[in-house]
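Notes for the one structure printed next.
Residue numbers (our numbering): 678 to 879.
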């Protein structure tokens with residue numbers, strides 16, 4: 678990557694600036710070098726994608742049972758499998774700090790993207806009314822993945838900010854679930870709760 682920038686500067690220096698003008702030999706050499714670097718870099722860039730595709734191929738083709746694949750590749754799978762089997766058909770699940778929406782065979786709210794923004798935003802926005810607000814949307818169950826935001830992963834944040842905006846909402850959710858929900862399943866860092874009734878934090 679560092680060399681591409683240098684070669685790009687060389688390619689630009691080798692042109693006369695006219696649109697559509699054929700670059701002089703030095704410019705053509707630099708452009709050729711940039712193209713060669715790009716082509717040589719394709720295996721390294723595409724390799725992980727191809728490797729992942731081949732890893733999924735047995736499950737996608739039916740040679741390996743989907744359950745076996747998910748068991749090996751998706752940590753929350755035991756909780757998802759249990760939810761798909763045991764939750765009522767009309768259950769609506771809120772996913773906190775969990776990426777499993779695509780595998781869940783029940784309607785769901787929230788879910789996660791990088792840094793679990795939807796979960797943290799919901800908890801920061803609704804505070805001690807977070808479960809009540811979920812119930813108002815028809816949510817009957819909560820699936821939550823255990824998560825802890827480490828200082829070394831966020832060196833650009835002060836400890837106070839990390840606590841207030843990241844680990845604080847995790848603790849708030851645990852408190853709300855302790856008061857207003859019943860734990861009905863737990864395995865491999867994932868928990869499923871049934872929301873019992875209106876719940877607010879102390």
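Glycine included, each C-beta is placed from N, C-alpha and C at the ideal position.
Segment limits, beta strand (DSSP E) that includes residue i
i, result
"residue 867", "867 to 872"
"residue 787", "785 to 787"
"residue 821", "818 to 822"
"residue 841", "From DSSP, residue 841 is part of no beta strand (DSSP E); its letter is neither H nor E."
"residue 771", "770 to 773"
Residue closest to residue i, alpha-carbon to alpha-carbon, out of the options
i, options, result
"residue 817", "854, 833, 823 and 790", "854"
"residue 773", "856, 804, 761 and 824", "824"
"residue 777", "720, 757 and 830", "757"
"residue 867", "752, 716 and 791", "752"
"residue 788", "805, 820 and 782", "820"
"residue 822", "806, 754, 856 and 840", "754"
"residue 841", "783, 806 and 802", "802"
"residue 804", "725, 709 and 850", "850"
"residue 655", "712, 763 and 775", "Residue numbering for the chain in the displayed model covers 678 to 879; residue 655 lies beyond these limits and cannot be assessed."
"residue 856", "710, 806 and 761", "806"
"residue 852", "724, 800 and 722", "800"
"residue 809", "827, 838 and 771", "771"
CB-CB length for residue i against residue j, believed under 8 Å
i, j, result
"residue 833", "residue 797", "Not quite, the Cβ-Cβ distance comes to about 17 Å (not below 8 Å), so this is no contact."
"residue 677", "residue 869", "Nothing in the structure corresponds to residue 677, since the chain is present only between 678 and 879."
Cβ-based burial, residue i [other Cβ within 10 Å; buried from 16]
i, result
"residue 835", "exposed"
"residue 779", "exposed"
"residue 876", "For residue 876, the predicted structure reports a pLDDT of 45, less than 50, and the residue's modelled location is therefore unreliable. A value from the coordinates is still provided. With 16 or more other Cβ atoms within 10 Å, it is buried."
"residue 873", "exposed"
"residue 682", "exposed"
"residue 814", "exposed"
"residue 879", "Because residue 879 carries a pLDDT of 35, less than 50, the predicted location of this residue cannot be relied on, and the following value inherits that uncertainty. Result: exposed."
"residue 859", "exposed"
"residue 811", "buried"
"residue 846", "buried"
"residue 848", "exposed"
"residue 719", "exposed"
"residue 827", "exposed"
"residue 717", "exposed"
"residue 793", "buried"
"residue 781", "buried"
Opening and closing residue of the alpha helix (DSSP H) in which residue i lies
i, result
"residue 853", "845 to 857"
"residue 809", "807 to 813"
"residue 750", "743 to 750"
"residue 798", "794 to 803"
"residue 762", "754 to 763"
Inset, instruction - Would you be able to state if there are at least three C-beta pairs under 8 Å between the stretch 740 to 754 and the stretch 762 to 769? - result: They do not touch, by the three-pair rule.
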